[in-house]
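Chemist:
Residue numbers (our numbering): 178 to 271.
1. Would DSSP call residue 187 helix, strand or coil?
2. Using a 10 Å radius around the Cβ and a threshold of 16 neighbouring Cβ atoms, would you call residue 224 buried or exposed?
3. Using three-state DSSP, classify residue 253 as helix, strand or coil.
4. Helix, strand or coil for residue 219 per DSSP?
5. Given residue 251, which residues of its chain have a CB within under 7 Å of its CB, disregarding the five upstream and five downstream residues?
6. Which term fits residue 235, buried or exposed, when burial requires 16 or more other beta carbons within 10 angstroms of its beta carbon?
7. Kindly identify the DSSP beta-bridge partner or partners of residue 200.
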């Protein structure tokens, strides 16, 4: 969709489809080193002994990726603040 929308253009039930995003181990570790340096985000071997039982992406990393996908798929004139989220949860690790 190339035309820019205003909030008044949106309606209940309207749907937008985002693209995908490939996330790999190197990205997970690089993000964690800079923003969320916990063992289960940094070290695949040590992460096996945590409650994730393996490397897991930071929730903040996955939220940032989600925000990118939202902003790319909903072409609002003045941008999307907060992605329209009222609640944020991580029910499963990435």
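For glycine and all other residues, C-beta sits at the position ideal for the given N, C-alpha and C.
Modeler: With the given structure in hand:
1. In the chain shown, counting from the first residue as 1, residue 187 sits at position 10. Three-state DSSP puts residue 187 in coil, outside helix and strand.
2. Your numbering for residue 224 matches position 47 in the chain shown. Classification of residue 224: buried, given that the 10 Å Cβ count is 16 or more.
3. As a working note, residue 253 is residue 76 in the chain shown. Residue 253: strand per DSSP, three-state reduction.
4. Numbered from 1 along the chain shown, position 42 holds the residue referred to as residue 219. Here residue 219 sits in helix by DSSP.
5. The residue given as residue 251 occupies position 74 in the chain shown. Excluding positions up to five away in sequence, the list reads 193, 257.
6. Counting from one through the chain shown, the residue named residue 235 turns up at place 58. The residue is buried, with at least 16 neighbouring Cβ atoms inside 10 Å.
7. Locating residue 200 in the chain shown gives position 23, where the first residue counts as 1. Note: residue 200 sits in no beta bridge, so no partner.
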